[in-house]
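Visitor: Pasting in a structure now, in structure tokens, and then I'll have a few things to ask.
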Amino acid sequence: MNEESKEPQAIRKLAPGRLVIASHNEGKVREIRALLAPYGIEPVSAASLDLPEPEETGTTFVANAELKAMQAADLSGLPALADDSGLCVEALGNAPGIFSARWGLPDPGIEGIEPEAGEGRDFDRAMRRVNAKLDALPEGTSRAAHFVCALALAWPDGHVEWFEGRVDGTLIWPPRGDKGFGYDPMFVPEGHGRSFGEMAPEAKHAMSHRADAFAQLVAAVF
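Each residue of the sequence shown is one higher than the one before, counting from 563 in the working numbering.
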């Protein structure tokens, strides 16, 4: 995709067959698998192939998605699709952003975020941290937020296509719903009364940041 035009400019089409989903996040893998189902693609997860998780050293969603997709394609010898996504809270300077998953770690190494007891990613903890930071701001501060999803599709020879989607909404507290994953229970998309955590998967897939990015990918490479 051309970064300046923001329009899909795919040079290469994706043929039916095996495609590595370069993620160890089962929630993401489920959503991506469902979105790929109509296109003759056989998704295989990075975890099922015992592929390692790379260190996410990029400074943007696109950069992190690219490095994950390129590593998976190189190690597997198959085309690979990676997602890097996160929650951007406007009143927090668009944090947590690319650090969204790390806000669920006991010690994410982010200035101003205190470690808590426990091991592994915990999005209940991450949501509490976001809400606590908003509560510490002046009364009436906007709770506007948006999700961003960058998709990178890489081939073993190093060719990469990328696509970026977005959905805007508002953060609520307490969280509502037990569907979806990540920050979904505290995010209500614009024009709707239910959180992503309360929506059936097909309803979320019709409007999410990931669906936006996928619509661009489908138009370009299938």
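Even glycine gets a Cβ: it sits at the ideal position worked out from N, Cα and C.
All values reported here derive from a predicted model rather than from experimental measurement.
Compute the distance between the beta-carbons of alanine 714 and alanine 782, then report whether it is under 8 Å.
Guide: Taking 8 Å as the Cβ cut-off, alanine 714 and alanine 782 do not qualify as a contacting pair.
Visitor: Since proline 737 contacts methionine 689 with CB under 8 Å, what's their CB separation in whole angstroms?
Guide: Right, their Cβ atoms sit about 6 Å apart.
Visitor: Give the single residue among Arg691, Ala642 and Ser638 whose Cα lies nearest to the Cα of phenylalanine 661.
Guide: The shortest Cα separation from phenylalanine 661 among Arg691, Ala642 and Ser638 belongs to Arg691.
Visitor: On the DSSP bridge assignment, give the partners of phenylalanine 784 in chain order.
Guide: Answer is none; phenylalanine 784 lacks a bridge partner.
Visitor: Just mark alanine 762 as buried or exposed, buried being the case when its beta carbon has 16 or more other beta carbons within 10 Å.
Guide: It counts as exposed.
Visitor: Taking the C-alpha atoms as reference points, what is the distance between aspartate 535 and glutamate 701?
Guide: Outside the shown range of the chain (563 to 784) lies residue 535, about which nothing can therefore be said.
Visitor: According to DSSP, glycine 702 sits in a beta bridge with which residue or residues?
Guide: Answer by DSSP bridge pairing: none, since glycine 702 is not bridged.
Visitor: Are the beta-carbon atoms belonging to aspartate 636 and proline 718 less than 8 Å from one another?
Guide: Yes, the Cβ-Cβ distance between aspartate 636 and proline 718 is below 8 Å.
Visitor: Please work out which residues of its chain come closer than 8 Å, Cβ to Cβ, to leucine 528, disregarding the five sequence neighbours upstream and downstream, and give them in chain order.
Guide: Because the chain in this structure spans residues 563 to 784, residue 528 falls outside the shown range and cannot be described.
Visitor: So the candidates are Lys590, Arg574 and Gly602; which of them puts its Cα closest to the Cα of leucine 581?
Guide: The option with the nearest alpha carbon to leucine 581 is Gly602.
Visitor: For the alpha helix (DSSP H) that contains serine 638, what are its first and last residues?
Guide: From DSSP, the alpha helix (DSSP H) with serine 638 extends over 623–638.
Visitor: Would you list the one or two residues that DSSP bridges to aspartate 730?
Guide: Paired residues: His708.
Visitor: Thinking just about the alpha-carbon of each residue, which of Ser638, Glu652, Tyr745 and Gly648 is nearest to the one in glycine 659?
Guide: Among Ser638, Glu652, Tyr745 and Gly648, the Cα nearest to that of glycine 659 belongs to Gly648.
Visitor: Would you list the residues sitting across from serine 607 in a DSSP beta bridge?
Guide: Answer by DSSP bridge pairing, in chain order: Ile583.
Visitor: With a 10 Å radius around its C-beta and 16 neighbouring C-beta atoms as the bar for buried, classify aspartate 746 as buried or exposed.
Guide: The residue is buried, with at least 16 neighbouring Cβ atoms inside 10 Å.
Visitor: Are there 16 or more other CB atoms within 10 angstroms of the CB of glutamate 604, so buried, or fewer, so exposed?
Guide: Glutamate 604 should be labelled exposed.
Visitor: Short check: CB of methionine 632 to CB of alanine 706, under 8 Å?
Guide: No, they are not a contact pair.
Visitor: By the three-class DSSP mapping on this structure, what secondary structure does aspartate 556 have?
Guide: No statement about residue 556 is possible, as the shown extent of the chain runs from 563 to 784 and does not include it.
Visitor: Using 8 Å as the threshold, is the C-beta distance between cysteine 650 and valine 722 below it?
Guide: No. Outside cutoff.
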